[in-house]
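There are 2 protein chains.
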Amino acid sequence: MKRVFVSCFLLIAAFTTHAQEKVDQAMVSKIKKEGFDNSKVMDIAFHLTDANGPRLSGSPGLLKASNWAKNEMAKWGLTNAALEPWGEFGKGWELQKSYVAMTAPYYKPLIAYPKTWTKGSNGLKNAPILLIKAKDSVELAAYKGQFKGKAILVYRTDTLVPTYKADASRYTDEELDKLAAYQLPQPSQAPADTAELRRRREAMQRRGAGGPNLANLIKDFATKEGAVAILSVSPRGHEGTLFVQGGGSYAPEAPENPLDIMLAFEDYMTFCRLANAGIPVSLDVDVKTAFQTRDTKGYNVVAEIKGTDPKLKDEIVMLGGHIDSWQSSTGATDNAAGCAVMMEAVRILKTLGVQPRRTIRIALWSGEEQGLLGSRNYVKNHFADPATMKLLPDHEKVSAYFNIDNGTGKIRGIYTQGNEKVKDIFSAWLAPFHDLGAKTVTLSNTGGTDHQSFDAVGIPGFQFIQDAIEYNTRTHHTNMDSYDHLQADDLKQISVIVASFVYHTAMRDEKLPRKELPQARGAGGGRF
Amino acid sequence: MKRVFVSCFLLIAAFTTHAQEKVDQAMVSKIKKEGFDNSKVMDIAFHLTDANGPRLSGSPGLLKASNWAKNEMAKWGLTNAALEPWGEFGKGWELQKSYVAMTAPYYKPLIAYPKTWTKGSNGLKNAPILLIKAKDSVELAAYKGQFKGKAILVYRTDTLVPTYKADASRYTDEELDKLAAYQLPQPSQAPADTAELRRRREAMQRRGAGGPNLANLIKDFATKEGAVAILSVSPRGHEGTLFVQGGGSYAPEAPENPLDIMLAFEDYMTFCRLANAGIPVSLDVDVKTAFQTRDTKGYNVVAEIKGTDPKLKDEIVMLGGHIDSWQSSTGATDNAAGCAVMMEAVRILKTLGVQPRRTIRIALWSGEEQGLLGSRNYVKNHFADPATMKLLPDHEKVSAYFNIDNGTGKIRGIYTQGNEKVKDIFSAWLAPFHDLGAKTVTLSNTGGTDHQSFDAVGIPGFQFIQDAIEYNTRTHHTNMDSYDHLQADDLKQISVIVASFVYHTAMRDEKLPRKELPQARGAGGGRF
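Sequences listed follow chains L and S, in order. First residue of the first sequence? That's 1 in my numbering, and the numbers climb one at a time after it. First residue of the second sequence? That's 529 in my numbering, and the numbers climb one at a time after it.
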């Protein structure tokens, strides 16, 4: 009798419920033990960042990191580890030399990073600065004929405001409560129909890129007349932190973009003040870049832990994050962090010898920084095209996709993307992690990363709520996105929670409930 | 009658008193108007920073800035504007080229600054990193013979802590209240006698520089075997902010110091992790520096507004700050700010046509960063040597010296350096500036800059209490100490308050009261 009693007790303990949702406490404990005591997450992150270098889409660095991840997961015993092409990406690019310094009115080393996909200087050039003070194309015309051999500087008068707010932060209880209390808008409050949304989107795109805007005109002048470089600045960056992204098209047939160099705010503004005071400024510029068009395809890294339930093993639970980065650092928080925790989550599950009912599939996306290209194309190739919403056979087999791409901060909860039917399920799954700071389930959604590719075709795709730490101030798309800015304890917590979510999704009797299928977006509605 | 009444009223208004101390409200109003409405302080700062470049002691940059300041003040009508030699400084040095990049395991531009007074690389060198893991000279001996052609990296394992505290701050009321409430220690609580103080100081110096410490041994190995460079880091700096100072002796007869390069924390730690993992790291290093020994004297910039009272015109009120800086930026907050506000203060007074009873003398010191050398030698040459305390005739003629050297933050009050007799005087003089945030008079003292040279020989020397802003986190001795980090409104406030203090000191019937004369320090007690 006693024995029977104990068994019953264990059974109850093993499957405590929150709104009837099962939680396998014993497995959670094992995952926690492996994830906290034997973590490999920082070692994985080291290999993706320090040891590999930048992972720009299409670059040799990304290919190297992708192969490392594939091989590593194969070593752990995952199956079907592969680099899966998703379609045409574009030109590869890498930086091979960058020396940029001020030589007049005195010598000063500069903090400078050529933007991606821009060409080099063709050797060392000494370039006087051409100060452009033009509000529009008419005023710019006065500078015609003056670009040759110059470093082009568009005048600014920004004032730097000292940072009286800390660079790093974590969610407060109040902020989390607000997220938890979020209610879905009533139909009448919701934005108008899809056609209206599309019109708004297209109008935004026109404002952003269309027309003869000044930056494009300057680029044309620089190209035609042979400027040495265009100089750029991002006032979001200061004190040596620079936000650096792309310098133009990476399409295979596109002409090489003129050299465009992102400078430290303080250096750029010094040039503006000097040039404006009539003091000649010259730069030494010696930048070498290399394009590659041998293979213009994009690749995602995929690997699996095969399902074991005869009825469910063809169904899949996916987890992932994008592995591509920008160029000026090694993309540690954006998004080696996401890849490292996802790889660590499958390593934990594999190490524990789990026998998931459904197949667990990890995917590390490329081309995310250029518009979620890797995940969008993967979804289109495997599940559905949001333009037509013609569903492929595997569309119904995916229970959910879980994504990490908000930096190094630990998980504080999860966005349901407006899916009310998963709220109680996720609340139950988070219960074992309240002591680790993760408890909030919000009906709110979040955008900007790869879960949207799934959500866009009606497959449950989720992104977790993460503490920001220094993501928005110091690391996201900056030259400071390095391994040092990763928080080891946070990444362990993420790995453990993701492993548990993925495990429970794989073991659940039913797939996760879905929202209504979205309407077809049409060919013009590809971006979301 | 009415007219007489008005005159009396004006007389009362013009000389309101706080503990009987006169305040010339009309002059204060004029100073405020000129200082806030017609300020030139940011223009002066621009010339000292952006337009001039770094102002390392002994460098061509310092000479240029000093001459500019001298000529500018002469233009304003100040008399006796001159570069006054104060004695032997040492070698001049300037940076003529600095290209430092990682070339293996992948290419990465680095944020790097050669330390001052180190030699160059003699052209472009590709240097593999030699990782040193040695706790002492015995362990270091194992690396003997391996330095040639290498970049020397001493292993560290620091973890970067995100900044949950804002970089910039201002004094809170509570902090100011605490300063105001400061009481001088009773004689029994005071530190022991001068001999004891000297013993402590010498012991500290021994710990800091003496003995066969590891850094000196590595420098010896690097020199003897021909390393390309020693790599350095300061963990106080992060996210692109680097703290960079000197790399060795600047004495005329000293051998050239081996090249020593300060790297961004994130770059240095990346090298440590890579090298520790057995992944070879190589750097391209192309650094050119130039020494000059043609003129090894140090110079201060001095200029005067002559006194007009026949009895008092040989007495002087001094104001100043150091004009020398470190090398990696243009020394905006340390201490172009101090020079700019002091120059602006005399400009305001000259513009207003004041006829001071005593002579007002501004001094912009050099060699401050190497131990208050310019001001200490000036005091020794003109007033007294603290070693002997034999007083020169002018010692009794100085009423006070006012100094600014704590960055760009506005004045919140003044340190009396323990001089109880000036407390009520300064309180009265601050009364017109309470609305500008300046009200605190503290008996506490503050150290580290040029007022100490005066205080050390018993001449009242004062430094103001200033808001820190980003001084300790981002600008003081960093590569980010640029014009952009100056706060224009704060500098205007400082200029105005200093002008008023100097004016009132010049007009006062008596010189400011002095503390007791200090005892002679003896030859070994030169540093304070």
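Yeah, the Cβ is synthetic: ideal placement off N, Cα and C, and Gly gets one too.
Quiz item: How about Val457/L and Arg361/L: do their beta carbons lie closer than 8 Å?
Solution: No.
Quiz item: For Leu1045/S, which of helix, strand or coil comes out of DSSP?
Solution: Three-state result, Leu1045/S: coil.
Quiz item: Are the beta-carbon atoms belonging to Gly409/L and Ile639/S less than 8 Å from one another?
Solution: No, the Cβ-Cβ distance between Gly409/L and Ile639/S is not below 8 Å.
Exercise. Under 8 Å between beta-carbons, which chain S residues line up against His322/L? List them in chain order, please.
Key: Here the premise fails: no neighbours, minimum Cβ distance about 20 Å.
Quiz item: Could one say the Cβ of Lys410/L lies closer than 8 Å to chain S's Cβ atoms, at least one of them?
Solution: Among the residues facing chain S, Lys410/L is not included, as its CB has no counterpart in that chain under 8 Å away.
Quiz item: Can you list the residues of chain S that Gly240/L reaches, using a CB-CB cut of under 8 Å?
Solution: Ile639, Glu767, Gly768, Thr769, Leu770, Ala792, Asn1007, Met1008
Quiz item: Are the segment 789-804 of chain S and the segment 646-660 of chain S touching by the rule of at least three beta carbon pairs closer than 8 Å?
Solution: Segments in contact, yes.
Exercise. Could you tell me the boundaries of the beta strand (DSSP E) in which His850/S lies?
Key: 844-850
Self-check item: Under 7 Å by beta carbon: chain L residues contacting Glu998/S
Solution: By Cβ distance, chain L contributes Pro162.
Quiz item: Quick one, are the C-beta atoms of Gly775/S and Trp645/S less than 8 Å apart?
Solution: Taking the C-beta atoms as reference points, Trp645/S is found nearer than 8 Å to Gly775/S.
Self-check item: Given Ala996/S as reference, the closest of Ser697/S, Asn909/S, Lys839/S once Cα atoms are compared
Solution: Ser697/S
Practice problem: Can you pull the chain S residues whose beta carbon is under 8 Å from the beta carbon of Phe46/L, in chain order? | Solution: Arg801, Ala805
Quiz item: How about the segment 441-461 of chain L and the segment 387-405 of chain L: do they share at least three Cβ pairs that are nearer than 8 Å?
Solution: Yes, since at least three Cβ pairs between the segment 441-461 of chain L and the segment 387-405 of chain L fall closer than 8 Å, the two stretches touch.
Quiz item: Hey, is Asp394/L's beta-carbon within less than 8 Å of any beta-carbon in chain S?
Solution: No, its Cβ sits nowhere closer than 8 Å to a Cβ of chain S.
Quiz item: By DSSP, does Ala966/S sit in helix, in strand, or in coil?
Solution: coil
Quiz item: Under the three-state reduction of DSSP, which class applies to Ser649/S: helix, strand or coil?
Solution: coil
Self-check item: Residue range of the unbroken alpha helix (DSSP H) whose run includes Gln25/L
Solution: 25-37
Quiz item: Taking just the CA atoms, how far does Ala142/L sit from Thr159/L?
Solution: Across the structure, Thr159/L and Ala142/L are spaced so that their CA atoms are roughly 27 Å apart.
Quiz prompt | Given 8 Å, three or more beta-carbon pairs between the segment 572-585 of chain S and the segment 629-636 of chain S | solution = no
Quiz prompt | Residue from Ala506/L, Glu21/L, Leu56/L, Ser66/L with nearest C-alpha to Thr359/L | solution = Ala506/L
Exercise. Could you please tell me which residues of the segment 93-112 of chain L, in chain order, have their CB closer than 8 Å to any CB of chain S?
Key: Glu94, Leu95, Gln96, Lys97, Ser98, Tyr99, Ala101, Pro105, Tyr106, Tyr107, Lys108, Pro109, Ile111, Ala112
Quiz item: For chain L, is any of its Cβ atoms less than 8 Å away from the one on Thr798/S?
Solution: yes
Exercise. Under 7 Å between beta-carbons, which chain L residues line up against Asp578/S? List them in chain order, please.
Key: Thr270, Arg273, Leu274
Self-check item: Reduced DSSP category for Ala192/L - H, G, I as helix; E, B as strand; rest coil
Solution: Per-residue confidence for Ala192/L stands at a pLDDT of 43, beneath the threshold of 50, marking its modelled position as unreliable; no derived number is given.
Quiz item: Can you tell me whether Ala151/L is buried or exposed, with buried defined as 16 or more other CB within 10 angstroms of its CB?
Solution: Under this definition Ala151/L is a buried residue.
Quiz item: Where do the ends of the alpha helix (DSSP H) carrying Trp621/S lie?
Solution: Counting along the chain, Trp621/S falls outside any alpha helix (DSSP H), though it belongs to the beta strand (DSSP E) covering 620-632.
Quiz item: So who's on the other strand from Pro788/S, going by DSSP bridges?
Solution: Strictly speaking, residue 788/S in this sequence is Asp, with Pro absent from that position. In the DSSP output, where bridge partners are listed per residue, Asp788/S has Ile758/S.
Practice problem: Report the option in Lys663/S, Asn828/S, Gln773/S whose CA atom is closest to the CA atom of Lys598/S. | Solution: Asn828/S
Self-check item: Contact list for Ala168/L against chain S, beta-carbon separation under 8 Å
Solution: Pro690, Thr691, Tyr692
Quiz prompt | Amino acids of chain S, ordered along the chain, whose beta-carbon sits closer than 7 Å to that of His485/L | solution = Leu688
Exercise. Grab me the residues of Gly677/S's own chain with a C-beta within less than 8 Å of its C-beta, minus the 5 sequence neighbours each way, in chain order.
Key: Lys653, Ala655, Pro656, Gly754, Ala755, Val756
Quiz item: How many whole angstroms separate the CB atoms of Ala865/S and Leu1014/S, which I take to be in contact at a CB cut-off of 8 Å?
Solution: 6 Å
Quiz item: Can you name the residues of chain L whose CB is closer than 7 Å to the CB of Arg1002/S?
Solution: Glu239
Self-check item: Cβ of Gly407/L within 8 Å of any chain S Cβ
Solution: no
Quiz item: Which one or two residues does DSSP pair with Ile529/L in a beta bridge?
Solution: Residue coverage of chain L in this structure runs from 1 to 528, which leaves residue 529/L outside it and unanswerable.
Quiz item: Quick one: Cα of Ala209/L to Cα of Ser137/L, how far?
Solution: Only weak support exists for where Ala209/L lies, its pLDDT of 42 falling under 50; the value from the coordinates is given anyway. Each residue's Cα considered, the two are about 15 Å apart.
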